[in-house]
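Participant: What follows is a structure written as structure tokens; I'll ask about it next.
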Amino acid sequence: MLRRIISRKDIADAVRRLASAIEKDYGNERIIFVCLLKGSFMFTSDLVRYVHNPTRVDFMRASSYGTGTESKGTVEIKKDIEEVLEGENVIIVEDIIDSGLTLKRVRDMLSERGPKSVRICALLDKRGRRQVEIEGDYVGFTLDDGFVVGYGIDYAEEYRNLPEIYVVEEKATF
Ligand code: IMP
Ligand code: MG
Numbered sequence: 019m020l021r022r023i024i025s026r027k028d029i030a031d032a033v034r035r036l037a038s039a040i041e042k043d044y045g046n047e048r049i050i051f052v053c054l055l056k057g058s059f060m061f062t063s064d065l066v067r068y069v070h071n072p073t074r075v076d077f078m079r080a081s082s083y084g085t086g087t088e089s090k091g092t093v094e095i096k097k098d099i100e101e102v103l104e105g106e107n108v109i110i111v112e113d114i115i116d117s118g119l120t121l122k123r124v125r126d127m128l129s130e131r132g133p134k135s136v137r138i139c140a141l142l143d144k145r146g147r148r149q150v151e152i153e154g155d156y157v158g159f160t161l162d163d164g165f166v167v168g169y170g171i172d173y174a175e176e177y178r179n180l181p182e183i184y185v186v187e188e189k190a191t192f
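In our numbering, the protein residues as written are 19 to 192.
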């Protein structure tokens, strides 16, 4: 059973708030947005529409989850970006920070390529579940425990197309 927790309007408001915070921090400098596939494809596409800086978008795929709901603890880079990051401002765009393992691996990897700066923009932050020290610089919503889907976020590859965000609840059994 799915229970809606974040509406279309709440998402749109958060996206605009994050975009204007980003614009404020970067002046007119160029930003390379690194979209972490697949979960942040929708969030990234909405976010960049509201950032008026010179902008590039690239895509990376890291996997720590498989198709289950618990982190495997190891992070595999399945697809790297194509942009050269030397001297660039990089913002990694992630759907959810959970244990933090994925973002730590990705951030460390991109930081080694000589960028001017690397920051993290995450739509959702499950702060209580962190296993490594990592913070989002721009965060949409903080969540308690619970498994969510929609707005790009999947459960076993499904539900990514839902325009709003839902928590997956066990069916009540009587
Ligand atoms: P981390 O490496 O444990 O921080 O895992 C982050 C990744 O796990 C996210 O990018 C999501 O792909 C996935 N994830 C974490 N929580 C959820 C959830 O509630 N629903 C769907 N995917 C999730
Ligand atoms: Mg993900």
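Built from N, CA and C at the ideal position, the CB exists for glycine as well. Quantities reported herein were computed from a predicted structural model and do not represent experimental measurements.
Rank V66, I138, K134, L20 by C-alpha distance to the C-alpha of I114 and give the top, closest one.
Facilitator: The count along the sequence shown starts at 1 and reaches residue 114 at position 96. That would be I138, whose Cα lies nearest to the Cα of I114.
Participant: Hey, out of E182, D116, A174, whose CA is closest to E151's CA?
Facilitator: As a working mapping, residue 151 is identified with position 133 in the sequence shown. The option with the nearest alpha carbon to E151 is D116.
Participant: Alpha carbon to alpha carbon, what distance is there between D31 and D155?
Facilitator: To locate residue 155, count along the sequence shown from 1; it is residue 137. To locate residue 31, count along the sequence shown from 1; it is residue 13. Looking at the two C-alpha atoms, the distance is approximately 17 Å.
Participant: What first and last residue would you give for the alpha helix (DSSP H) that runs through H29?
Facilitator: Residue mapping note: residue 29 aligns to position 11 of the sequence shown, counting from 1. According to the sequence displayed, residue 29 carries Ile and not His. Run containing I29: 26-44, per the alpha helix (DSSP H) assignment.
Participant: If I measure Cβ to Cβ from F59 and keep anything under 7 Å in the same chain, skipping five residues before and after, which residues do I get?
Facilitator: The residue you call residue 59 lines up with position 41 of the sequence shown. These residues qualify, in order along the chain: C53, G170.
Participant: Check the C-beta distance from V167 over to V136 and give it rounded, since I have them as a contact under 8 Å.
Facilitator: Here the question's residue 167 lines up with position 149 in the sequence shown. Here the question's residue 136 lines up with position 118 in the sequence shown. Contact doesn't hold; Cβ gap of about 28 Å is too wide.
Participant: Among S81, V66, E182, R34, which has the Cα closest to the Cα of R48?
Facilitator: Position 30 of the sequence shown holds residue 48. Ranking S81, V66, E182, R34 by Cα distance to R48 puts V66 first.
Participant: Within a Cβ cutoff of 6 Å, which residues of the same chain sit near T120, ignoring the five residues on either side of it in sequence?
Facilitator: In the sequence shown, residue 120 corresponds to position 102, counting from 1. So the list reads A80, S82, V93, once near-sequence residues are dropped.
Participant: I'd like to know whether the C-beta atoms of E182 and R22 end up nearer to each other than 8 Å.
Facilitator: The residue labelled residue 182 in the question sits at position 164 within the sequence shown. The residue labelled residue 22 in the question sits at position 4 within the sequence shown. The answer is yes: Cβ separation under 8 Å.
Participant: Assuming R125 is part of the alpha helix (DSSP H), what are its boundary residues?
Facilitator: As a working note, residue 125 is residue 107 in the sequence shown. Unbroken alpha helix (DSSP H) run through R125: 119-129.
Participant: Which class does T92 belong to by DSSP, given the choice of helix, strand or coil?
Facilitator: As a first step, residue 92 must be located in the sequence shown, where it is residue number 74. Three-state DSSP puts T92 in coil, outside helix and strand.
Participant: Under the criterion of a Cβ to heavy atom distance below 7 Å, does L103 qualify as lining ligand 1?
Facilitator: As a first step, residue 103 must be located in the sequence shown, where it is residue number 85. No.
Participant: Tell me whether the beta-carbon of L141 lies closer than 8 Å to the beta-carbon of F159.
Facilitator: On the sequence shown, residue 141 is found 123 positions in, with the first residue counted as 1. On the sequence shown, residue 159 is found 141 positions in, with the first residue counted as 1. Yes, Cβ-Cβ distance for L141 and F159 is below 8 Å.
Participant: Are the beta-carbon atoms belonging to D76 and E112 less than 8 Å from one another?
Facilitator: Here residue 76 refers to the residue found at position 58 when the sequence shown is read from its first residue. Here residue 112 refers to the residue found at position 94 when the sequence shown is read from its first residue. Not in contact: D76 and E112 (Cβ atoms no closer than 8 Å).
Participant: Would you report the Cα separation of Y173 and K134, rounded to the nearest angstrom?
Facilitator: As a first step, residue 173 is located in the sequence shown; it is residue number 155 there, counting from the start. As a first step, residue 134 is located in the sequence shown; it is residue number 116 there, counting from the start. Roughly 35 Å between the two C-alpha positions.
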